[in-house]
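Take a look at the structure below.
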Amino acid sequence: MDINTTKLLKQGTIKMSKNLIELRNLTKRYNDMTAVDSINLTIKENEFVTLLGPSGCGKTTTLRMIGGFEDPDEGEILFEGKLLNNVPAYKRNVNTVFQRYALFTHMNVYENVAFGLRVKKVSNSEIDRRVKRMLKMVDLEGFEKRNVDSLSGGQQQRVAIARALVNEPKVLLLDEPLGALDLKLRKEMQIELLDMQRSVGITFIYVTHDQEEALTMSDTVVVMNKGVIQQIGTPQDIYNEPINRFVADFIGESNIIEGVMLEDYKVSFDGLVLDCVDKGFAPNEPVDIVIRPEDIRIVVNPDEGMIKGTVTSVVFKGVHYEMIIESDTREYLVQRTMMFPEGSVVGMNVQPADIQVMKRGDMPCSVEEEEE
Amino acid sequence: MMQKAIKRIYMSIVFLFLYAPIIVLIVFSFNKSKSRGQWGGFTFDWYIDLFKDRQIREALYFTILIAVISTLVSTIVGTIAALGISNMTKLGRTIVLNINSLPVLNPDIVTGVALMTLFISMRIELGFVTMLIAHIVFSIPYVILAVLPKLRQMNKHTAEAALDLGATPAYAMRKVIIPEIMPGIISGALIAFTLSIDDFVISFFTAGTSATNLSILIYSMAKRGVKPTINALSTLMFLVVLILMIIINKKNDKGEDIII
Chain A
76 MDINTTKLLK QGTIKMSKNL IELRNLTKRY NDMTAVDSIN LTIKENEFVT
126 LLGPSGCGKT TTLRMIGGFE DPDEGEILFE GKLLNNVPAY KRNVNTVFQR
176 YALFTHMNVY ENVAFGLRVK KVSNSEIDRR VKRMLKMVDL EGFEKRNVDS
226 LSGGQQQRVA IARALVNEPK VLLLDEPLGA LDLKLRKEMQ IELLDMQRSV
276 GITFIYVTHD QEEALTMSDT VVVMNKGVIQ QIGTPQDIYN EPINRFVADF
326 IGESNIIEGV MLEDYKVSFD GLVLDCVDKG FAPNEPVDIV IRPEDIRIVV
376 NPDEGMIKGT VTSVVFKGVH YEMIIESDTR EYLVQRTMMF PEGSVVGMNV
426 QPADIQVMKR GDMPCSVEEE EE
Chain B
44 MMQKAIKRIY MSIVFLFLYA PIIVLIVFSF NKSKSRGQWG GFTFDWYIDL
94 FKDRQIREAL YFTILIAVIS TLVSTIVGTI AALGISNMTK LGRTIVLNIN
144 SLPVLNPDIV TGVALMTLFI SMRIELGFVT MLIAHIVFSI PYVILAVLPK
194 LRQMNKHTAE AALDLGATPA YAMRKVIIPE IMPGIISGAL IAFTLSIDDF
244 VISFFTAGTS ATNLSILIYS MAKRGVKPTI NALSTLMFLV VLILMIIINK
294 KNDKGEDIII
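These protein sequences, in sequence, are chains A and B. Per our numbering: the first sequence = residues 76 to 447. Per our numbering: the second sequence = residues 44 to 303.
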């Protein structure tokens, strides 16, 4: 049983779940640019999967292919084992919450939510029952007659979610749904979305460029860059054991150091030899080493540390102080709740478990965080 | 204070010059005396005469018929064109929009002569049909210009959202896209209707002898000497256009559009 399933079982949200969506060698090209490059991904029932990556990494294109708004050039999309490629968008049992919501401005809140049911010719009394229940769930009771333009961003967001969920889809696709909201509202909506997902028990596929959002909400995070999946794992996996330099750099802050793997459990850089928990590399293989800023401990006596350095900058960040400590060979980013004044000479220690060794990728690393 | 007063006076003079002719026209349409220089007391006679005149009734019929049909056709064609243009690439859109705005800027007389030449060279007899075609032709660019901003304002995912919720493309067009851009379509239709009622130059060259609209009639009546009925007829036309303009501008005030 993998960690992901264990976590879900603990939360009591699922029994052993089956595969709902499978992407096989899915590829999409625009002219000569490959937006999505032969990706493989399996999404289980009731899973909260986040596609995470910088602008232009192919996450939105992937979502749009699942939704039926882009045709894949190669590969297959399977839905409950059946090929979905040639099924038009309006016949797919998935619903989407679009970027900036795309609400129907000529309809009031009630009619927006009722739209999908009206299309399916559901009886009026049934529509009324389901729309009212959905509006109650998204906390918009009493807003039925309101014009969608008169609502705040957060309220429009909730109408968009209600409009999609009222159709009781098997999968809800969300394309940067919180991108237009301010920070505080975004945090609140994250919690609300997560609650909704747990209570309606459907699969969410969520696209974002915000790594914190991805870590907060997901069961599984899929990190993408340049159309290629870099790593699939639980938020903990992705954060603690990034598979390459790109993931380490994109998720959280980190010290990335080039080193050499001497033998199993022994890594070396800057003339130091450190114990670690990684194995399976070739002898003397060049590697990238990630040490998270919060994993570096500081000792006052420089001689008690593995690495000696001088504090060159101190910034107060609220929860902790962020310090740059310069050794003879490089700078380290360190986050500690205790402050060491600028100019003081200190020692730094790292636990073997906090050293993450990664294969040296030939991947060019560029991280730009911007909206698509 | 002083400055404000000067501003007001200046504005009043400008408006006086602009509207003096129309005010005189309206006043004299109620003048009992046939002379244009003398006030002979108030009367509605000329308005009553208007509706007794068979020629005028016929011209009114043609004017309204052409306005209604050309508005309908140009609104439909223009809206479809706008939908197509909004889905073009940036280069294509720029080219088509420039082609579209040429007839708008082109002098009416050139358009009129050009259409007349075309009809004659194709051996189509000038008359009701040619005038109708001409009105449709010159209205379409205005409808496109009225509908396009609405399409641009719409969220680019609106159509996809409808499909996503199970609507077929045709259903999405009928129930979502058209209603979303309806304010633009109505503006376009109102402009087309106003232009059609308004038009003299293009109508004059394309109408031939079998069909006459009001503006052509007024022109030919004026050549034979101005009768006070012309004043009454012109007043009525002015009022219709005025009302249409107020409706169009009211819509614009509500922030629904950015045209004219």
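Note that CB positions come from ideal geometry on N, CA and C, so glycine has one too. Quantities reported herein were computed from a predicted structural model and do not represent experimental measurements.
Residues that residue i contacts on chain B, provided the C-beta gap is smaller than 9 Å
{"i": "A:F144", "result": "H200, E203, L206, D207"}
{"i": "A:Q426", "result": "Ordered by position in chain B, no residue passes the 9 Å Cβ test against A:Q426, which lies about 48 Å from the chain."}
Chain B contact residues for residue i, given Cβ-Cβ distances below 8 Å
{"i": "A:A110", "result": "Within 8 Å Cβ-Cβ: nothing; A:A110 doesn't reach chain B, min ~17 Å."}
{"i": "A:Q265", "result": "Simply none; closest approach about 22 Å."}
{"i": "A:N466", "result": "Any property of residue 466 of chain A remains undetermined from this structure, which presents chain A solely from 76 to 447."}
Interface flag, residue i vs chain B, CB-CB below 8 Å
{"i": "A:E447", "result": "Because A:E447 sits at a pLDDT of 37, beneath the cut-off of 50, its placement in the model cannot be relied upon, and the point is left open."}
{"i": "A:T137", "result": "no"}
{"i": "A:N106", "result": "no"}
{"i": "A:P439", "result": "Residue confidence is low: A:P439 scores 45 on pLDDT, short of 50, so the model does not pin down where it sits. Its coordinate-derived value is still stated next. No - not a single Cβ of chain B is within 8 Å of the one on A:P439."}
{"i": "A:G191", "result": "yes"}
{"i": "A:N222", "result": "no"}
{"i": "A:Q230", "result": "no"}
{"i": "A:T171", "result": "yes"}
{"i": "A:R273", "result": "no"}
{"i": "A:R238", "result": "yes"}
{"i": "A:E443", "result": "Low per-residue confidence applies at A:E443: pLDDT is 40, beneath 50, and the placement is therefore not dependable enough to give any value."}
{"i": "A:R175", "result": "yes"}
{"i": "A:L249", "result": "no"}
One or two residues paired with residue i in a DSSP bridge
{"i": "A:R99", "result": "A:E151"}
{"i": "A:S388", "result": "A:I399"}
{"i": "A:Q306", "result": "A:V298"}
{"i": "B:L140", "result": "DSSP output for B:L140 lists no bridge partner at all."}
{"i": "A:K157", "result": "A:F154"}
{"i": "B:N292", "result": "B:N292 is not bridged to any residue."}
{"i": "A:K119", "result": "A:N94"}
{"i": "A:M336", "result": "A:V342, A:E360"}
{"i": "A:M182", "result": "Beta-bridge pairing links A:M182 to no other residue."}
Three-state class that DSSP yields for residue i in the structure shown
{"i": "A:F321", "result": "helix"}
{"i": "A:F344", "result": "strand"}
{"i": "A:L349", "result": "strand"}
{"i": "A:G228", "result": "helix"}
{"i": "A:S454", "result": "Within the shown structure, residues of chain A are numbered from 76 to 447, placing residue 454 of chain A beyond reach of any answer."}
{"i": "A:N187", "result": "helix"}
{"i": "A:E379", "result": "helix"}
{"i": "A:T283", "result": "strand"}
{"i": "A:Q431", "result": "strand"}
{"i": "A:C440", "result": "At A:C440 the pLDDT is 43, less than 50, meaning the model places this residue with poor confidence; the figure from the coordinates comes in the next sentence. If DSSP states are grouped into helix, strand and coil, A:C440 belongs with coil."}
{"i": "A:V172", "result": "strand"}
{"i": "A:M91", "result": "Reliability of the predicted coordinates at A:M91 is poor, the pLDDT of 47 falling under 50, and the value obtained from them is presented with this limitation in mind. Of the three classes helix, strand and coil, the one that applies to A:M91 here is coil, per DSSP."}
{"i": "A:E201", "result": "helix"}
{"i": "A:M108", "result": "strand"}
{"i": "A:I270", "result": "It is Asp, not Ile, that sits at residue 270 of chain A in the sequence shown. A:D270 falls in the helix class under three-state DSSP."}
{"i": "B:R267", "result": "coil"}
{"i": "A:I331", "result": "strand"}
{"i": "B:M306", "result": "Shown here, chain B extends from 44 to 303; a query on residue 306 of chain B therefore has no answer."}
{"i": "A:R167", "result": "coil"}
{"i": "B:Q81", "result": "coil"}
{"i": "A:E145", "result": "coil"}
Neighbour flag for residue i against chain A, beta carbons, 8 Å
{"i": "B:A232", "result": "no"}
{"i": "B:P222", "result": "yes"}
{"i": "B:A63", "result": "no"}
{"i": "B:V219", "result": "yes"}
{"i": "B:Y104", "result": "no"}
{"i": "B:D300", "result": "In this predicted model, B:D300 has a pLDDT of only 45, less than 50, meaning its place in the structure is not dependable enough to derive any value."}
Chain A contact residues for residue i, given Cβ-Cβ distances below 7 Å
{"i": "B:A210", "result": "Y165, V194"}
{"i": "B:Y214", "result": "V194"}
Contacts of residue i in chain B (Cβ-Cβ under 7 Å)
{"i": "A:F154", "result": "Going along chain B, no residue has its Cβ under 7 Å from A:F154, so there is no contact; the nearest lies around 15 Å."}
Chain A residues whose Cβ lies nearer than 9 Å to that of residue i
{"i": "B:M225", "result": "H181"}
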